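What follows is a short report on a single structure.
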Amino acid sequence: MGDTPLARAPSPPPWEAVVLFSRRLDPSSLAVAACVCRSWRAAMSSDELWRSICLSLSPSLSRHRGRPSYRHLFALLRVAAEQRRRRPPPPEISLGELLFAVEVLRGGEPVFSAVVPGGDLGGVGSQVFRFDVAGGGGEAVAVAEATALRCSWTVVQRGWKGAAVMMEGGEKGVAVGEDEVWFSEELPPPACCCSGLRTGGLVAELGLRLGDRSGGDMVAEGRRRAVVGVTVGVLRVVGWRYVEVDDGLMYLQHFISPP
Numbered sequence: 001m002g003d004t005p006l007a008r009a010p011s012p013p014p015w016e017a018v019v020l021f022s023r024r025l026d027p028s029s030l031a032v033a034a035c036v037c038r039s040w041r042a043a044m045s046s047d048e049l050w051r052s053i054c055l056s057l058s059p060s061l062s063r064h065r066g067r068p069s070y071r072h073l074f075a076l077l078r079v080a081a082e083q084r085r086r087r088p089p090p091p092e093i094s095l096g097e098l099l100f101a102v103e104v105l106r107g108g109e110p111v112f113s114a115v116v117p118g119g120d121l122g123g124v125g126s127q128v129f130r131f132d133v134a135g136g137g138g139e140a141v142a143v144a145e146a147t148a149l150r151c152s153w154t155v156v157q158r159g160w161k162g163a164a165v166m167m168e169g170g171e172k173g174v175a176v177g178e179d180e181v182w183f184s185e186e187l188p189p190p191a192c193c194c195s196g197l198r199t200g201g202l203v204a205e206l207g208l209r210l211g212d213r214s215g216g217d218m219v220a221e222g223r224r225r226a227v228v229g230v231t232v233g234v235l236r237v238v239g240w241r242y243v244e245v246d247d248g249l250m251y252l253q254h255f256i257s258p259p
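Numbered according to UniProt numbering, the sequence shown spans residues 1 to 259.
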């Protein structure tokens with residue numbers, strides 16, 4: 001009985017088949033196929049293959065006289081798109097190392113004053129940068145008077161390493177019903193980026209909850225009420241939604257711990 005002949009290795013597909021096959025591949029498959037061997041790299045890097053792909057992504061750049069090769073242009077556009085979707089790194093500060101100081105003044109006299117550690121704020125654990133601040137109140141005020149109160153909100157890093165002023169009290173409040181008054185101020189952009197812009201697309205919000213200190217409504221004394229609680233938060237101007245906690249911390253980090 002003779003020896004069994006060795007199985008022959010499969011021959012590579014003819015060059016014409018590789019070229020035809022390459023025209024049916026998507027960009028990711030083309031990039032993978034280009035790594036098979038030197039001849040495949042030459043076939044998969046053909047400008048003619050990448051031309052239609054680039055035209056579908058950016059006709060203007062694809063037709064620009066000074067453009068690089070279509071393959072290079074596609075790689076450039078692909079990286080740019082991925083960078084746009086990339087989330088920033090997590091903030092280096094946490095709520096637990098911050099102090100939230102809120103002052104509500106009328107003619108220099110405190111109507112509400114509180115300094116609360118970030119970990120003790122109401123609403124901690126939610127996904128948005130919006131918190132409730134409990135504290136002691138001063139004199140009772142009418143709703144009409146409350147809109148003219150001066151409110152300030154400052155965030156301080158423990159150890160007094162840095163601070164960020166979120167609200168200075170220059171705007172008049174807006175009454176919502178007879179139990180709430182809301183103040184808002186546009187926040188400046190961080191100095192490290194877009195320093196030429198007057199605003200950074202974010203708004204600091206501070207809301208006063210009016211009532212008696214036992215939790216009910218104070219109807220006596222000409223419907224005057226004490227400030228029994230404060231809500232603070234940061235919203236985006238576009239969409240008017242509260243930012244996520246990490247986004248709020250990242251904004252604070254630019255002022256408290258600048259790079």
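We treat Cβ as the ideally placed atom computed from N, Cα and C, and that holds for glycine.
Predicted, not measured: the structure shown is a model, and the values here were computed from it.
**Message:** For the structure I just gave you, are there three or more beta carbon pairs, one from the region 172-182 and one from the region 155-164, closer than 8 Å?
**Reply:** no
**Message:** So, with DSSP's three-state summary, where would you put glutamine 83?
**Reply:** Translated into positions along the sequence shown, residue 83 becomes position 83. In the structure shown, glutamine 83 sits in a helix (DSSP, three-state: H, G or I).
**Length of the line joining the Cα atoms of alanine 164 and leucine 252** = Residue mapping note: residue 164 aligns to position 164 of the sequence shown, counting from 1. Residue mapping note: residue 252 aligns to position 252 of the sequence shown, counting from 1. Near 7 Å, if we compare the C-alpha coordinates of leucine 252 and alanine 164.
**Request:** Measure how close the beta-carbons of alanine 146 and leucine 73 come, nearest whole angstrom, since I'm counting them as under 8 Å.
**Result:** In the sequence shown, the residue the question calls residue 146 occupies position 146. In the sequence shown, the residue the question calls residue 73 occupies position 73. About 59 Å; that fails the 8 Å criterion.
**Message:** Taking its Cβ as the centre, do 16 or more other Cβ atoms sit within 10 Å of serine 62, making it buried, or is it exposed?
**Reply:** Locating residue 62 in the sequence shown gives position 62, where the first residue counts as 1. Classification of serine 62: buried, given that the 10 Å Cβ count is 16 or more.
**Prompt:** Going by beta carbon distance, what residues of the same chain come within less than 8 Å of glutamine 127, once the five residues before and after it are set aside?
**Reply:** Within the sequence shown, residue 127 is the residue found at index 127, counting from 1. Once the five neighbours on either side are set aside, the close Cβ partners of glutamine 127 are Glu244, Val245.
**Asked** Is it buried or exposed for valine 227, if we count other Cβ within 10 angstroms and need 16 for buried?
**Response** Your numbering for residue 227 matches position 227 in the sequence shown. Buried.
**Request:** Compare the Cα-Cα distances from proline 117 to each of Arg106, Glu109, Phe131, Val104 and report the closest residue.
**Result:** If you number the sequence shown from 1, residue 117 lands on position 117. Of Arg106, Glu109, Phe131, Val104, the residue nearest in Cα terms is Phe131.
**Message:** For arginine 236, report the span of its beta strand (DSSP E) as first-last.
**Reply:** Locating residue 236 in the sequence shown gives position 236, where the first residue counts as 1. It spans 226-236 - the beta strand (DSSP E) in which arginine 236 sits, taken as one unbroken run.
**Message:** Using a 10 Å radius around the Cβ and a threshold of 16 neighbouring Cβ atoms, would you call cysteine 54 buried or exposed?
**Reply:** As a first step, residue 54 must be located in the sequence shown, where it is residue number 54. Buried, by the Cβ-count rule.
**Request:** Starting from glycine 207, follow the beta strand (DSSP E) in both directions and report where the run begins and ends.
**Result:** As a working mapping, residue 207 is identified with position 207 in the sequence shown. Segment 202-211, the beta strand (DSSP E) holding glycine 207.
**Asked** Do you know offhand how far glutamate 168's Cα is from serine 28's?
**Response** The residue labelled residue 168 in the question sits at position 168 within the sequence shown. The residue labelled residue 28 in the question sits at position 28 within the sequence shown. In a straight line, the C-alpha of glutamate 168 is about 52 Å away from that of serine 28.
**Distance between beta carbons of arginine 236 and residue 285, contact taken as under 8 Å** = Because the chain spans 1 through 259 in this model, residue 285 falls outside it and cannot be assessed.
**Prompt:** Is aspartate 26 helix, strand or coil by DSSP?
**Reply:** Here the question's residue 26 lines up with position 26 in the sequence shown. The three-state reading of DSSP puts aspartate 26 in coil, since its state is none of H, G, I, E or B.
**Message:** Just verifying my parser: in three-state terms, what is the DSSP assignment at glutamate 109?
**Reply:** Taking the sequence shown and counting its residues from 1, one reaches residue 109 at position 109. Three-state DSSP puts glutamate 109 in a strand.
**Request:** Can you tell me which of Ser69, Ala114, Cys37 puts its alpha carbon nearest to the alpha carbon of aspartate 47?
**Result:** The residue given as residue 47 occupies position 47 in the sequence shown. Nearest of Ser69, Ala114, Cys37 to aspartate 47, Cα basis: Ser69.
**Residue burial classification, alanine 42 (beta-carbon count within 10 angstroms, cutoff 16)** = Position 42 of the sequence shown, counting from 1, holds the residue named residue 42. So alanine 42 ends up on the exposed side.
**Message:** Assuming leucine 30 and leucine 49 are in contact, meaning their beta carbons sit under 8 Å apart, how far apart are those beta carbons, in whole angstroms?
**Reply:** Counting from one through the sequence shown, the residue named residue 30 turns up at place 30. Counting from one through the sequence shown, the residue named residue 49 turns up at place 49. Sure, about 7 Å apart at Cβ, within 8 Å.
**Given glycine 162 as reference, the closest of Phe100, Val36, Val111, Asp26 once Cα atoms are compared** = In the sequence shown, the residue the question calls residue 162 occupies position 162. Nearest C-alpha to glycine 162: Phe100.
**Message:** Going by beta-carbon coordinates alone, are tryptophan 240 and alanine 204 separated by less than 8 Å?
**Reply:** Within the sequence shown, the letter at position 240 stands for residue 240. Within the sequence shown, the letter at position 204 stands for residue 204. For tryptophan 240 and alanine 204, no; Cβs fall outside 8 Å.
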